[in-house]
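Residue numbers (the numbering used here): 1 to 322.
As C-alpha cells, the structure follows; a few thoughts come after it.
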Amino acid sequence: MQSDEIPDALPADFPEAPAPAPYRNLWVPLVVVPALIVMVLVLVWVLFGSIAGSEKNPAENVQRMVEGNSNEREQAAQLLVNQIQGYLDDVGAGKEPAWELDASFLPGVEQALADLDEDELEFRYVLAFVQLELGDAQGLDHMLALLGSGEDLDPGAEMRFRVLYALGLLGPAFAPAGRERAIDAIVPFLANQDAGLRLMATVALRGLPSERSVSALKGALGDGVLGVRGNAAISLAELGDPAGAPVLRELLDTGSYAAERAASPNRWASAERVSESRIQAVRALARLGRPEDLAALEPLAQDDDDPNVRGAALRALADASR
C-alpha cells in the first residue's frame, strides 16, 4: 500500500489495501483533532465545491437534485445544504427562518431518495444528511445503506469514510435505538484492512457515547497504526475513560513519529501535523485530569522544543490548577 496520503502504515499481518483515494489528502489533517468540530458545509464543499447561481427554495432544490442536468443538480445540492444550515441556525437563535419547511418537505426528500439511482452516492449522501439534521430517522437508514457500499459503488472507500464521519458528527442527536444501530455499523470498521476507515471509525465513536463504544475503542488501542490507536485514545479521553493514557503519552513523544518516518519517509513528514497530534494528546491528558496525566505535561511545559506544544501544556496545567 502506498502511504503518501496516510501518516501511518498498516500492520504487517494485514493484507495490502488498495491505494489510498484522494479524499485522504482532505481528511487526514482533521482526524488527529477532536472530530466533531467541522461545519456541515465542509462535507458538501468536499463533494461539490463552491457553486453560484439563482436560489430556489429548499423543496425546489430537492426536486432539481433528481430532475436537473448535471450542473443544476450540483448547484441544487450546495444550495440545499446552505439553506438547511441557515434554517437550523435561525431556529436555534430563536429567529424567523429565511426558508419555510412545511409538512411536505421531508416526504419530498424521501421520495427524491427513492427516485435516485443506487450509484448516485453523493446526492444520496446529501439528502440523507439533510434528513438526519432535521430529525428524520429515515436518514439513518440511508446513511447505513451508504456505509454498506462495496468497492464497486465506492472505489477507494471515499463515501464510507464520509459516512463514518457524519455518523459521529450527528450521533449525539440520535435516539437510543438509532445510536445502537450506528454503533453496530461502525464497530466492524475497526477491523477493516483500510487504515483510514479504521481511523475514522475511532473518531465516529466519539459522538456515540456508550459502554459498547468505550469497549470497542479500548480494543483499538492495540492497532498497529499510530494514528488509529492515537485517535482511539483521544476518543476514550473525550468519553472520560483513561484506558488510552499510555497511548496519549506515546503521542507526546517525538520519537514515536520518528520511528514511523524511519519505516517510510512519507509518514508524519509534516512538522505541523506532528505538532497538532502532540497538542491533542496534551489536551486529552488534561481532560482526564489525573495527577499522573498532569505530571506527564510538566516537562513539556518547561522546555519542549515545540513552542506550540509548550504553550498547550502550560495552558492545560494552569487550567488544572484553578
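For each residue, glycine too, the CB sits at the ideal point set by N, CA and C.
(request) Report the three-state DSSP secondary structure of Asn69 (helix, strand or coil). (result) coil
(request) Report all residues from its chain with a CB closer than 7 Å to the CB of Ala185; omit the five preceding and five following residues, and keep chain order. (result) The residues are Leu144, Leu147.
(request) Rank Arg322, Ala281, Ser321 by C-alpha distance to the C-alpha of Asn308 and give the top, closest one. (result) Ala281
(request) Determine contact between the region 229-249 and the region 259-266, defined as no fewer than three beta-carbon pairs at a distance below 8 Å. (result) no
(message) Checking 7 Å against the spacing of the C-beta atoms, do Arg162 and Asp154 come in under that value?
(response) no
(message) Suppose you measure from the CA of Glu292 to the CA of Gln63; what does that come to, to the nearest Å?
(response) Computed Cα separation, rounded: 57 Å.
(message) Which of the three DSSP states is assigned to Gln193 in this structure?
(response) coil
(message) By the three-class DSSP mapping on this structure, what secondary structure does Leu36 have?
(response) Because the pLDDT of Leu36 is 38, which lies under 50, any placement of that residue in the model is unreliable, and the number read from its coordinates should be weighed accordingly. In the structure shown, Leu36 sits in coil (DSSP, three-state: anything other than H, G, I, E or B).
(request) Report the three-state DSSP secondary structure of Glu120 (helix, strand or coil). (result) coil
(message) Can you check which of these residues, Ala177, Gln111, Leu80, is closest to Glu133 by C-alpha distance?
(response) Leu80
(message) With H, G and I counted as helix, E and B as strand and the rest as coil, what does DSSP make of Ser149?
(response) coil
(request) Alpha carbon to alpha carbon, how far is Ala173 from Leu335? Give it in angstroms, no decimals. (result) This structure cannot speak to residue 335, because the chain is shown only from 1 to 322.
(request) Please classify Ala316: does DSSP put it in a helix, a strand, or coil? (result) helix
(request) Tell me whether Ser270 sits in a helix, a strand or coil according to DSSP, three-state version. (result) Correct three-state label for Ser270: coil.
(request) Under 6 Å Cβ to Cβ from Leu248, same chain only, skipping five residues before and after it: list those, please. (result) Ala233, Ala281, Ala284, Leu285
(request) Could you confirm whether any beta carbon from chain C is found closer than 7 Å to the beta carbon of Asn266? (result) Among the chains in the structure shown there is no chain C, since it carries only a single protein chain.
(message) Spatial neighbours of Gln83 within its chain, please: C-beta separation below 6 Å, excluding the five flanking residues on both sides.
(response) Pro58, Trp99
(message) To test your reading of the DSSP string, which unbroken alpha helix (DSSP H) runs of 4 or more residues are found completely within the region 233-289?
(response) 245-252, 254-263, 271-288
(message) My output table needs one value for Arg322: the three-state DSSP class, helix, strand or coil.
(response) coil
(message) Relative to the C-alpha of Pro107, which candidate in Glu96, Gln131, Glu122 has its C-alpha closest?
(response) Gln131
(request) Write down the C-beta distance between Leu252 and Arg278 rounded to the nearest angstrom, noting that I regard them as a contact closer than 8 Å. (result) That pair is a contact at about 6 Å.
(message) With a threshold of 6 Å on Cβ separation, who are the neighbours of Asp305 within its own chain once the five nearest residues in sequence on each side are excluded?
(response) Counting only Cβ-Cβ distances below 6 Å, and skipping sequence neighbours, we find nothing.
(message) Just verifying my parser: in three-state terms, what is the DSSP assignment at Trp27?
(response) Residue confidence for Trp27 is low, a pLDDT of 33 falling below 50, so the modelled location carries little weight and cannot support an answer.
(request) Would you kindly check if the distance between the Cβ of Ala114 and the Cβ of Leu127 is under 7 Å? (result) no
(message) For Phe129 and Glu60, I'd like the C-alpha separation in whole angstroms.
(response) 17 Å
(request) Reducing DSSP to helix, strand and coil, say where Ala177 ends up. (result) helix
(request) Between the Cα of Val187 and those of Leu164, Leu170, Glu272, Gly68, spot the shortest distance and give me the residue it belongs to. (result) Leu164
(request) Excluding the 5 residues preceding and the 5 following Trp268 in the sequence, name in chain order all residues of the same chain whose CB lies nearer than 6 Å to its CB. (result) Counting only Cβ-Cβ distances below 6 Å, and skipping sequence neighbours, we find Pro7, Tyr257, Glu260, Arg261, Val274.
(request) Taking Ala295 as part of the alpha helix (DSSP H), name the residues at either end of that continuous run. (result) 291-295
(message) By the three-class DSSP mapping on this structure, what secondary structure does Ser213 have?
(response) In the structure shown, Ser213 sits in a helix (DSSP, three-state: H, G or I).
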